[in-house]
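**Q** Sending over a structure as structure tokens; questions will come in a sec.
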Amino acid sequence: MSAKKLLLAALGIFAGYKLYKAGNPQIPDNVTPVTGFELNRYLGKWFEVARVDNRFEKGLIKTTAEYTLNGDGTVNVLNSGIDEISGRHKRASGTAVFVRNEHEGALKVSFFGPFYGGYNIVDLDEDYRWAIIVGSSPKYFWVLSRTAEVPEELKERAIKVASEVGVVSGNLKWVQQN
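Residue numbering for the sequence shown is 1 to 178, as defined by the UniProt record's numbering.
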């Protein structure tokens, strides 16, 4: 086989692998999704009270996530927030599916075609009042609450969980909700 064909084959394998990885996000090694998860209790509106800032949420305040059930059993995800500088409303709509089974808080979410990101619920209030989520890596970390303001105990718990899953100290941002 010529060097050119070998290079093209290697590039094809690499591209296929990258597409596979984009469609199948991994659960980080130090992350254990909750079990006994009940989707119907999780559906509805959540306030994003803390996060590790990322390119698609940078500068947003009053951020929320709303989860509704689609007819095919997938979950519709509607994220919204207000740009702190311009005051413009921003929205992103996506679809979430379970990674392994519907009783485990391990999902993957796509906002663009076949490309998915991890959504691992690692801590969840027994009454579904708050949730702590880690993405495919500690670069993606969120604290959600059914209310815009949260007690100090939840803040302390979120900081502890963030540290346990490898979030860099100081990267956790508390989101302005008022």
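Don't be surprised by glycine CBs; every beta carbon is placed ideally from N, CA and C.
Computed from a prediction, not measured in an experiment: that's the story for all the values here.
Quick one: what's got a C-beta closer than 7 Å to Tyr119's C-beta in the same chain, skipping five residues either side?
**A** Same-chain partners within the cutoff: Ala96, Leu107, Lys108, Val109, Ile133, Gly135.
**Q** Determine the closest residue to His89 out of Arg100, Leu60, Val75, with distance taken between C-alpha atoms.
**A** Taking only the C-alpha atoms, the option nearest His89 is Leu60.
**Q** In chain order, which beta strand (DSSP E) runs of at least 3 residues are fully inside the UniProt domain "Lipocalin/cytosolic fatty-acid binding" (38 to 177)?
**A** Counting whole runs of 3 or more residues, the UniProt domain "Lipocalin/cytosolic fatty-acid binding" (38 to 177) contains the beta strand (DSSP E) stretches 44 to 52, 60 to 69, 75 to 83, 89 to 98, 106 to 112, 115 to 124, 130 to 134, 141 to 145, 172 to 174.
**Q** Comparing C-alpha positions only, which one of Val165, Leu69, Ala148 sits nearest to Pro138?
**A** Pro138 has its Cα closest to that of Val165, out of Val165, Leu69, Ala148.
**Q** Hey, how far is the Cα of Asp72 from the Cα of Arg146?
**A** Their backbone Cα atoms lie some 26 Å apart in a straight line.
**Q** Three-state secondary structure (DSSP) at Thr35?
**A** Residue state, collapsed to three classes: strand.
**Q** On a CA-only basis, which of Phe141, Pro151, Leu124 is nearest Gly36? Give me that one, please.
**A** Here the closest residue by C-alpha is Leu124.
**Q** From this set, Val49, His103, Ser93, which residue's C-alpha is nearest Phe112's C-alpha?
**A** Among Val49, His103, Ser93, the Cα nearest to that of Phe112 belongs to Ser93.
**Q** Measure how close the beta-carbons of Val52 and Leu172 come, nearest whole angstrom, since I'm counting them as under 8 Å.
**A** About 6 Å; that satisfies the 8 Å criterion.
**Q** Where Lys58 and Asp83 are concerned, what is the direct C-alpha to C-alpha distance, given to the nearest angstrom?
**A** Each residue's Cα considered, the two are about 9 Å apart.
**Q** Taking 7 Å as the limit between beta carbons, can you name the residues of its chain near Val31, skipping five residues before and five after?
**A** So the qualifying residues of the chain are Asn120, Val122, Val134, Val165.
**Q** Less than 8 Å between C-beta atoms, sequence neighbours within five positions excluded: which residues of the same chain meet that for Leu100?
**A** The residue you asked about is not Leu; residue 100 is Arg in the sequence shown. Within the same chain, Arg100 has close Cβ partners Ala106.
**Q** Closest to Arg129 by C-alpha separation, out of Gln26, Thr74, Arg41, would be which residue?
**A** Out of Gln26, Thr74, Arg41, Arg41 has the C-alpha closest to the C-alpha of Arg129.
**Q** Any idea if Leu144 is buried or exposed, counting beta-carbon neighbours within 10 angstroms, 16 or more meaning buried?
**A** That one is buried.
**Q** In its own chain, which residues sit with a C-beta less than 7 Å from the C-beta of Ile159, not counting the 5 before and 5 after it?
**A** Once the five neighbours on either side are set aside, the close Cβ partners of Ile159 are Leu172.
**Q** Relative to the alpha-carbon of Glu152, which residue among Ala50, Leu39, Lys45 has its alpha-carbon at the smallest distance?
**A** For the residues Ala50, Leu39, Lys45, the minimum Cα distance to Glu152 belongs to Ala50.
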